[in-house]
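Data block below; observations after.
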Amino acid sequence: MARKTAEEFAKEQKEISVSEFFEKNKHLLGFDNPTKSLLMAVKEAVDNSLDACEEAGIVPDIIVKIKNVKEDVYVVSVQDNGPGIVKDQIPRVFGKLLYGSKFHRLKQSRGQQGIGISSVTLYSQLTTGEPTRVWSKIESQKKTYYVELHLNTVKNEPDILKQEDIDKDILGDSGVKVDMTLHGRYRRIVEDYLKYTSVSNPFAKITYTDPNGVKTIFPRSHNELPKQPKQMKPHPYGVEFGTLQRMLNNTSSRTVHSFLTNEFSSVGNQSAKEICKVAKVDEGKKPSELDRAMIEGLMKAMQKVKIQRPPLDCLSPIGSAELEKSLKKEYQNAEFVTTINRDPEVYRGFPFMIEVGIVYGFQEEKKEENGKKKKKQEEDEDDRNGETIELIRFANRVPLLYQQSACSLTQAVKEVDWKRYNLDQKGSNLPSGPMKLTVHICSVWVPFVSESKEAVAAYPEIIKEAKLALQDAGRKLSIYLSGKRRAGEQKRRIQIFERYSGEVAHALSILTKRDAKPIEKKIRELVETKKHFKGEDEQEEEDSKQEAVQEEDEGEDKPKTGGKKEDKNKENKKK
Amino acid sequence: MLMVVFMTRNVKDELERLGEKIIREIDKGENPNIEIPIRTLSNVVFDQKTKQLSLGDKTAKRYYFNVAHSKKFMQTLMVASFAKSLIDEKIHTSIRDMYYNLKRTLPDSNENTFDEQSESDPIIVDLEVAIDVLREQLHLTTDRKGIVAGNVRIEDRGDLIDWSKLGSGGWSIPSTVDEVDFKKVDAEFVLVVEKNAGFERLHEDKFWQKQNCVLIGTGGQPSRGTRLLIQRLNDEYKLPVYVMTDSDSYGFYIYSVIKSGSINLAHVSDRIATPEAKFIGLTVSDIFDYDLKKAIIKCKEVDIKRAKELLEYDWFKKPKWQKEINLMIEKGIKAEIEALSHRGLKFMSEEYLPQKLKKGDFLD
């Protein structure tokens, strides 16, 4: 075989377009398997709709429909009442990978997780050949614009297959509807995703129709949009070499000093001077003139110098009261709901905040008088007490449904000692009990473990904060449970005394030759006064173990040494 | 006779009084309770002079309005009322019958009044010590066990019975000995024999006639009825009681049960002990003194273990007993009553026992 030369190799090299790359590496976009792929389609579209509505100041109304048109082929349809998308933008939004404004900003946003709806367009056309269909209506236009498009993988550009203005009123004043036809598998996880999204976005109304035609409405529990998160300038502690280098090249500041004070948060005159001093870099130098060594020096100095924490008002949490209301709306059977939020904290220069919610206990609706059914209820409760709690994680208001064990939020839950809060917990596992636990981290930059962005990375500051929040919530739960236990004990106490009253009255009537009924009545009256009696708290009786009521063979039988012995003992033992 | 009738009426009154007390407490809105002497070690008193163990004065109240006590309170009243019914209707029943009779499911639940007989049995003891009666007086019985012969006439449920005129048999001892009326007791002491075989031998030899005693065979562990009979004979007729058992740990244990107050607290609470009983034989020393070495049996490990346990019992902490038991452990030997036959079939009734009685050779 002839050896190839470098030149020949060079001829074969060619540019691989981004979309060609992703075509062959779908899992990198999150399309690991058919179930997840379907979920991704819903997720991307819903995220987009929520973002659009929020940014336009519109309280979102989202309609999701999933239809099973052929075996393993589904149409995912998502419609919103957002501002709509301008005609020109639509093709690139839906048909070009890595197109968008979110990537460059340091601002709390949903979109960090997804690579964008274009990935769904790509996946759809790869698996079914079908185009993505988009309807868009903006307020200023009378007609609705309709377009069908593909993604050209070689050029990473949209291919418009059809476009027209239509009269039909599909979207009201404004909004976007997108239909995607793709290969997937429908599982409950889609509905769970929408349910959790409703929990973390209490201001959104989501109407969902599943492949069986069953319609579920997740109503809003809050009528106002949350305050919009502010964009933040990067903080020195969170900057990486490449970013710093790029910033230096792109800045309009004329000196390093003004570069530092202008482009970073929390860097004032003094801090900037200090950084330059420690880095041994002339503060008056032009930013673009810094060489590699100086940039490195600057980076190191930025980490070393004590700088104030970044501003914390750039975050937009769900809100303690809003989350509580939202959870109560979603889990109406719950006995007890509580929420906790902590103050914002910082990890590596990025502000973040943890919110925790606990939903505990499930009340049965039926009122059973029959003792047997009551017993079953107690048994059911015992069963549920043995089940592991349901942990629901969120990052920037987006539910994280995969990689639970790799997530540091999960780790934080496991590291809390839940036994102190009256839950069972074996070792350092998740606790068990009839409980749902929501943990939400919002940040200008949520750190993920891998590209699939389902597990939060384990920064000590994050784990610490999460544990503190969980412990706060645990304490509240514990107070509720002790109260419940006390109430339960009171109930049990009354149950016991009433239960035995009949026999006691009957026995007394035999002993004293009186009528049993008035005695029983009197006892029950005493029970109902609920008063605490003297002698009620005396300890559990010591069982006198030395009872020898059996008269025969109180000791062991003498072992036979020959000849008839006391066999009769054994017969007599049966009374 | 009068005493027996009086005792029975007393028990009825006691039960009624218990009921009345509870009702009074209910009417007053107080927490009804039954006061029961405590039967754990903390309330056992050892009288140095009489060397007796007995229950002290400590009591505990079993309350109705107390989640931990309530069920037992109910059970205690149930047993009490059951006993009252038996007495009223002049019938007796076994403790197991009582358990079945009282076992019911409580309303609105899966809970039973009693789940096992092991629940109702201790309640009987509670009631016994609470109102100071014997369960036989509550008309709760057990099977007959034990046999007696002698110059004694009794009245038992209206029948006159002569213990000297029962042929080859003897009178079978019931548990309701408290209801027996002694008409005539012509004896100087009581001899209690562990084994039926021993009783048979001595009965055939008319030992009770020749020695003028009451002869009792316990048939192994002495039943409550037997123990009560022994106690009554000792208590009411001041007859000395001598116990004869095999020379082994079990035999010594049987002796201590009759004498009571030593092995375990149940006997402290059953109050049918005969503290003045003495041990006549077969001692370990007897094996040597009466030349019975050919009839010995080698001790097994369990025998030695049991003997070592006996050494620790308060009652056997006397020098003579310690000597005997240590001798048994040291030599690793034991012997049955029948060993005496080695010296002749009538040796026991004509030589061994008479000699012992004459010499006063007893262990306390």
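Protein chains in written order, with our numbering: chain A, 1 to 575; chain B, 1 to 364. All C-beta atoms, glycine included, are put in the ideal place defined by N, C-alpha and C. Bear in mind that the values here come from a model prediction, so they are computed numbers and not experimental data.
Rounded to the nearest angstrom, the gap between the Cα atoms of B/Leu53 and B/Lys293 is 37 Å. Note on geometry: alpha-carbon atoms of B/Lys334 and B/Gly198 lie some 17 Å from one another. A/Tyr360 has a beta carbon lying at 8 Å or more from every beta carbon in chain B.
A check of alpha carbon separations from B/Asn326 across B/Ile272, B/Met348, B/Arg104, B/Asp303 identifies B/Asp303 as the nearest. With a minimum length of 4 residues, the unbroken runs of alpha helix (DSSP H) contained wholly in the region 229-307 of chain B fall at 249-259, 265-270, 284-289.
As a beta-bridge residue in DSSP terms, B/Thr93 pairs with B/Leu140. A/Ala507 belongs to the set of residues whose beta carbon lies under 8 Å from a beta carbon in chain B. Those residues of the region 515-535 of chain A placed with their C-beta closer than 7 Å to a C-beta in chain B are Ile519, Lys522, Ile523, Leu526, Phe533, Lys534, Gly535, ordered along the chain. Against A/Arg499, the close residues of chain B are Leu106, Pro107, Asp108, Ser109, Glu111, in the order they occur along the chain (beta-carbon pairs closer than 8 Å). Residue nearest to A/Val504 within the set B/Pro37, B/Leu102, B/Asp57, B/Ile87 is B/Leu102 (criterion: CA-CA distance). From the listed residues A/Val256, A/Ile206, A/Tyr123, the smallest Cα separation to A/Val64 is found for A/Ile206.
Between B/Ile36 and B/Ala130, the C-beta spacing is below 8 Å. DSSP places A/Met353 in no alpha helix (DSSP H) but in the uninterrupted beta strand (DSSP E) bounded by 350-362. By the CB criterion at 8 Å, B/Thr218 and B/Val185 fall outside the cutoff. Between A/Ser266 and A/Pro287 a beta carbon distance of about 19 Å is seen, past the 8 Å cut, so the two are scored as non-contacting. Under the Cβ criterion of 8 Å, A/Thr438 is not counted among the residues facing chain B. Taking 9 Å as the Cβ-Cβ cut-off, the region 465-494 of chain A approaches chain B at Glu489, Arg492, Arg493, given in chain order. The three-state reading of DSSP puts A/Leu312 in coil, since its state is none of H, G, I, E or B.
The beta carbon of A/Ile63 sits no closer than 8 Å to any beta carbon of chain B.
In the structure shown, the three-state DSSP call for A/Pro317 is coil. Chain order gives the chain A residues near B/Met78 as Glu503, Ala507, where near means a beta carbon separation below 7 Å. A/Tyr459 sits in coil when the DSSP states are folded into three classes, being neither helix nor strand. Pairing A/Pro131 with A/Glu157 gives a Cβ-Cβ distance that is not under 8 Å. Per DSSP, reduced to three states, the secondary structure at A/Met299 is helical. A/Lys143 counts as exposed, since fewer than 16 other C-beta atoms from the protein chains shown sit within 10 angstroms of its C-beta. Nearest Cα to B/His139 within the set B/Thr274, B/Arg343, B/Ser85: B/Ser85. Counting C-beta pairs closer than 8 Å gives three or more between the region 457-472 of chain A and the region 404-419 of chain A, which meets the contact rule. Bridge pairing for A/His440: A/Glu355, A/Phe394 [DSSP]. Given a length threshold of 3 residues, each whole run of the beta strand (DSSP E) inside the region 31-87 of chain B is given here in chain order: 33-37, 44-47, 52-55, 59-63. Judged by DSSP in its simplified three-state form, A/Ala41 adopts helix.
Between A/Leu260 and A/Ala272, the C-beta spacing is below 8 Å.
In terms of Cβ geometry, B/Val152 and B/Phe114 do not form a close pair [threshold 8 Å]. In the structure shown, the three-state DSSP call for B/Cys213 is strand. Going by C-alpha positions, B/His92 is about 17 Å away from B/Ser120. Taking 4 residues as the minimum length, the alpha helix (DSSP H) runs contained wholly in the region 117-196 of chain A are 118-127, in order along the chain. Ranking A/Pro219, A/Lys4, A/Pro434 by CA distance to the CA of A/Lys195 puts A/Pro219 first.
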